[in-house]
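**Student:**
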Amino acid sequence: MYKIDIFRMAYKNLWRRKVRTFLTVLGVLIGTTSIVVMLSLGIGLNESSKRDMERWGSLNQIDVMAGMNFDEQGNPIGQANPLNDDAVNEIKAIPGVIAVSPGFNMGGRALWGRKEGHLQLVGLEPAQMSQFEFEIAEGRFLEGDDRFNIVVGWEVGRNFRDRREMDMMRQQQMQQETSTLEMMNQRISMEVNNRNGQKKIYNFTVVGVLSEKNMNKAWQAYAPIGEIKRIRDYVMGGARNTGGDPRMAMEMAIKGGGRVTTSARSSREPQGPSPDDYEFIWVRTENVDATKQVSKALKEKGYQAYSMADNLEGIEKTSKTIQAILGGIGSITLLVAALGIINTMIMSIYERTREIGIMKVIGASFFDVRMLFLTEAGLIGLMGGIFGLGLSYGASSVINHFGSGFINRGMPPGEVANSLSVIPLWLTLFALGFSILIGVVAGLYPADRAVRLSPISAIRNE
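Read in the working numbering, the sequence shown has 463 at position 349, and its numbers run on one by one without any break.
(1) Could you spell out where the alpha helix (DSSP H) holding N219 opens and where it closes?
(2) Quick check on P240: does DSSP put it in helix, strand or coil?
(3) Can you tell me whether R165 is helix, strand or coil according to DSSP?
(4) Alpha helix (DSSP H) containing I443: first to last residue?
(5) What residue from L155, G217 and I264 has the CA that sits closest to G441's CA?
(6) Inspect the CB distances between the segment 388-402 and the segment 138-153 and report whether three or more fall short of 8 Å.
(7) Any contact of the segment 533-548 with the segment 469-487, i.e. 3+ C-beta pairs under 8 Å?
(8) Following the continuous beta strand (DSSP E) through R131, name the residue where it begins and the one where it ends.
(9) For the beta strand (DSSP E) containing R275, name the first residue and the last one.
(10) Kindly indicate which three-state DSSP category A196 falls into: helix, strand or coil?
(11) Would you kindly report the start and end of the unbroken alpha helix (DSSP H) that includes Y348?
(12) Starting from K577, follow its DSSP beta bridges and name the residues at the other end.
(13) State buried or exposed for A207, treating a residue as buried only when at least 16 other CB atoms are found within 10 Å of its CB.
(14) Measuring straight from C-alpha to C-alpha, what distance separates T376 and G217?
(15) Under the rule that 16 or more other beta-carbon atoms within 10 Å means buried, what is A378, buried or exposed?
(16) Which residues in the same chain as L159 place their Cβ atom closer than 7 Å to its Cβ, once the five residues preceding and following it in sequence are excluded?
(17) Going by alpha carbons, who is nearest to D119 out of K474, F501, M485 and L324?
(18) Considering only DSSP beta bridges, list what V202 is partnered with.
(19) Quick check on M461: buried or exposed, where buried means 16 or more other Cβ atoms within 10 Å of its Cβ?
(20) Can you give the Cα-Cα distance for A241 and A337, rounded to whole angstroms?
(21) With distance defined between alpha-carbon atoms, name the residue in G492, F248 and N457 nearest to M329.
(22) Which of helix, strand or coil does DSSP assign to R566?
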């Protein structure tokens, strides 16, 4: 028999028993829908967790600080690697790295018109700023020839309060109502003191405001690293030339209104930090997998490296466990549907015993008979899978519509809730293939039983 003949006969046999076929397909449909919807909820949870993590930090960025290697007992091995130009070049050479920017942190008392507050400055390489997933809401990024220009985070404006307002409640209300966009092209003055007690005021102009999507960068302002380095050197005073400890200079700066922060170092390190060392180095990688590999390489080289991707492995493990549990629950329904397919096919054999005998007598091989029943079972699985996927997409849309609407009530204006149910392409193909496989496997026993029927006994059967 030709394959097309087998397929045509299988289709006609199913069509002859419409009600029985419908009920059997319905069982596969329910099982397929259960698996897809259950797994889509687990996938949606995983995707939602990733998006939430990305709001508070890029999965493709690593923060590097000076660190030390330790043995199993916690004893330091060697000295901490300094964050200098050699370290920058070493990090750039690691495969998977696409951008590197060293930097400094500095904070202090600042004035913005009639408002007073605190300004946290981060010094970066202007040319590298666009590589680190900053998004501009208004204005522009820093450029190479910028000196006292800064880009501020979305919430920086709320760090300032009106000095003339004496009512504390009113001050807090005004702070909450302040829009950072009002700072565009405005001047911000920051006062710093060096270790010798000398005071100096630096004036900065706001040339850009970051998007509210950059939540992890919302409360800082970003300036060219060269200017922050010069301010830092001024705050440290004579530490560079006299061999003084930079930590003393920083303490003086804090008391005087300006503050410089340095990366933490082990108390067991024999030498103090060099004034030329960077406080941190930002590393931009190609993708999440590269982030994990680069982070591992940095730690092996003796640096302290942290990224949001470090938390991703635990989230993925939890998500896979949840998906396995939900998928297992859905699979039970599909296994019950498989029993329905077996029952339907066995009943079909009883009803078509004479037909099977005639097929064998006129020359149908064992393979032809087996393929006929396996094709019927596979078609039941295919139809159940297709209709089940359609129902799954509908159920997913309903879940996302009502679920997202409920979640959006507690979210800030302009933000959209993550999808609760996500059905990727691989899940669609898996569900369709699995439903067909269930049908074929369920048809193995009935097909084998049909093959073992004696042609003569089958023909005599009424």
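Virtual Cβ for every residue (Gly too), placed ideally from N, Cα, C.
Since this is a predicted model, take the numbers as computed values, not measurements.
**Tutor:** Straight from the coordinates:
(1) As a first step, residue 219 is located in the sequence shown; it is residue number 105 there, counting from the start. Careful: N219 lies outside any alpha helix (DSSP H), inside the beta strand (DSSP E) at V211 to W226.
(2) Looking up residue 240 in the sequence shown gives position 126. Residue state, collapsed to three classes: helix.
(3) Translated into positions along the sequence shown, residue 165 becomes position 51. The DSSP-derived three-state label of R165 is helix.
(4) Taking the sequence shown and counting its residues from 1, one reaches residue 443 at position 329. Taken as a continuous stretch (DSSP letters only), the alpha helix (DSSP H) holding I443 covers L426 to E465.
(5) Locating residue 441 in the sequence shown gives position 327, where the first residue counts as 1. Minimum Cα distance to G441 is reached at L155.
(6) Segments in contact, no.
(7) No: the two stretches stay apart, fewer than three of their Cβ pairs being nearer than 8 Å.
(8) As a position in the sequence shown, residue 131 is number 17, starting the count at 1. Segment: none, R131 is in no beta strand (DSSP E) and carries neither H nor E.
(9) Against the sequence shown, residue 275 aligns to sequence position 161. Membership of R275 in the beta strand (DSSP E) is indicated by the continuous run F274 to D276.
(10) In the sequence shown, the residue the question calls residue 196 occupies position 82. In the sequence as displayed, the identity of residue 196 is Pro instead of Ala. P196: coil per DSSP, three-state reduction.
(11) Within the sequence shown, numbered from 1, the residue matching residue 348 stands at position 234. Membership of Y348 in the alpha helix (DSSP H) is indicated by the continuous run I339 to M350.
(12) Within the shown structure, residues of the chain are numbered from 115 to 576, placing residue 577 beyond reach of any answer.
(13) As a first step, residue 207 must be located in the sequence shown, where it is residue number 93. Burial call: exposed.
(14) Your numbering for residue 376 matches position 262 in the sequence shown. Your numbering for residue 217 matches position 103 in the sequence shown. Note that T376 has pLDDT 44, beneath the 50 cutoff, so the model's placement of it is unreliable and the number below is only indicative. Distance between the alpha carbons of T376 and G217: 10 Å.
(15) The residue labelled residue 378 in the question sits at position 264 within the sequence shown. At A378, the pLDDT of 39 sits below 50, so the modelled position is not reliable; the number obtained from the coordinates is stated separately. Flag for A378 reads exposed.
(16) Here residue 159 refers to the residue found at position 45 of the sequence shown. For L159, where only same-chain residues beyond five positions count, the Cβ hits under 7 Å are S433 and I436.
(17) As a working note, residue 119 is residue 5 in the sequence shown. The candidate whose alpha carbon is nearest that of D119 is M485.
(18) Residue numbering aside, residue 202 sits at position 88 when the sequence shown is read from its first letter. For V202, which the question treats as bridged, DSSP gives no partner whatsoever.
(19) In the sequence shown, residue 461 corresponds to position 347, counting from 1. Exposure of M461 is indicated by the presence of fewer than 16 other C-beta atoms within 10 angstroms of its C-beta.
(20) Taking the sequence shown and counting its residues from 1, the one referred to as residue 241 is at position 127. Taking the sequence shown and counting its residues from 1, the one referred to as residue 337 is at position 223. The C-alpha of A337 is placed about 12 Å away from the C-alpha of A241.
(21) Here residue 329 refers to the residue found at position 215 of the sequence shown. Ranking the options by Cα distance to M329, first place goes to F248.
(22) Residue numbering aside, residue 566 sits at position 452 when the sequence shown is read from its first letter. Collapsing the DSSP output to three states places R566 in coil.
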